[in-house]
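Below is one structure, written out as structure tokens; the observations come after it.
In this note's numbering, the protein residues as written are 12 to 409.
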């Protein structure tokens, strides 16, 4: 069991590069550049300097005292919400932009759901003086308006996508169409561990700083590097891959992925891909996909824009299929309730995506002396309207 793909870009039976012929050369060039620079000392020095001085890493590992008391175990929160731009997405955006610059690319495109990847990409493009175009589903433009305005203020062109369900899948489709039309000067910064090889591994490597820090921070705080469990939400899989990366080979560490059940896995309003999907191809890789018996991709649903995706990254598909990870389906209401609990017990407002991971604590019992790390992948500023609507409907205490 390894976090790295084989030479063909597969994790077991998942992965590969299923792409239009026009992109074959572009992907080959990207793969060569990735392998050339990922372990280059100068590249890594610049990457980690920016993570330290610009992003503010390492992000804290915080022992949540009241939450630990409530759940009768030792709960640590990896505070990716405290990164510059408010989420883990900046880790990959910086690494990918540095790679794009070394490849001589001047124009950056990205897709975004919750808007955090779009904001991170727009931020890095402003930092490095690059043109930035972000594709975002029209549904998500409406429900994530603060992030849309942030992207525009940073100088990015935000392109609303109205096809399909007007969410993340459709934004990704449009970004790929753009890439096919501009392969020579454009670099596509994919926000998650999805897409054709080398993207799943490349994005995972840039996000692996999360689990690298968890190990060293736990060692300093508790005298042990390995927790008993790591919990992360999973849509495409970037924050989960980052949080799991350096623990995958240590089978004594439970890896628990929380996916978005929406209104329930027994309804047609769900984005629980691993629970409901089957093998297929989406956006350039072979993975688990929500689809009809005829192979048509079905429209996912989640209250969380960042988890509203009908596929899953190939590494996460492999971990789940082999039993290395445990996958818990979390409904909208369960996630929102968990988000309120963290807010009112620890004074931390999480992104709704992260609230799905927190909801696992209500579904899985841990031993009293267990050390459990929950990756808080983003902050909840962008979701305040949704939280307030839920509060008004459910009578949550302010």
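Backbone N, C-alpha and C fix where the C-beta goes; we use that ideal spot for every residue, glycine too. Quick caveat, the model's predicted, so the values are computed rather than measured.
For residue 138, the enclosing alpha helix (DSSP H) starts and ends at 127–139. According to the DSSP assignment, residue 213 belongs to no beta strand (DSSP E) but to the alpha helix (DSSP H) extending over 210–218. About 6 Å separates the Cβ atoms of residue 357 and residue 77, confirming a contact at the 8 Å cut-off.
Sequence-distant Cβ neighbours of residue 165 in its own chain, meaning closer than 8 Å and more than five residues away, are 130, 133, 134, 136, 137, 143. Leaving aside the five residues that flank residue 154 on each side, the residues in its chain whose CB is nearer than 8 Å to its CB run, in chain order, 316, 396, 397. For the pair residue 266 and residue 353, the Cα-to-Cα distance works out to about 21 Å. In this structure, the CA atom of residue 321 is about 7 Å from the CA atom of residue 180. Rounded to the nearest angstrom, the gap between the Cα atoms of residue 167 and residue 141 is 9 Å. If you ignore the 5 residues before and after residue 85, its C-beta comes within less than 6 Å of the C-beta of 79, 382, all in its own chain and listed in chain order. Assignment of residue 290 by DSSP, reduced to helix, strand and coil, places it in the strand class. Going by beta carbons, residue 149 and residue 127 fall outside the 7 Å limit.
The residue among 216, 262, 217 with its C-alpha nearest the C-alpha of residue 238 is 262. The distance from the Cβ of residue 297 to that of residue 27 is about 5 Å, consistent with a contact at the 8 Å cut-off. Separation of residue 374 and residue 197 (C-alpha to C-alpha, rounded to the nearest whole angstrom) is 44 Å. Distance between residue 246 and residue 210, taken at the CA atoms: about 15 Å. With contacts defined by Cβ atoms closer than 7 Å, residue 280 and residue 273 form a contacting pair.
Ranked by Cα distance from residue 330, the options 292, 258, 55, 228 are led by 258.
Annotation for residue 372: 78, 82, 86, 242, 349, 383, 385 place their beta carbon closer than 8 Å to its own, counting only its chain and skipping 5 residues before and after. Counted as a single uninterrupted DSSP element, the beta strand (DSSP E) harbouring residue 240 occupies residues 240–244. A Cβ-Cβ separation of about 14 Å leaves residue 282 out of contact with residue 327 under the 8 Å criterion. Excluding the 5 residues flanking it on each side, residue 310 has same chain C-beta neighbours closer than 6 Å at 176, in chain order.
Given a length threshold of 3 residues, each whole run of the beta strand (DSSP E) inside the region 68–96 is given here in chain order: 72–74, 85–90.
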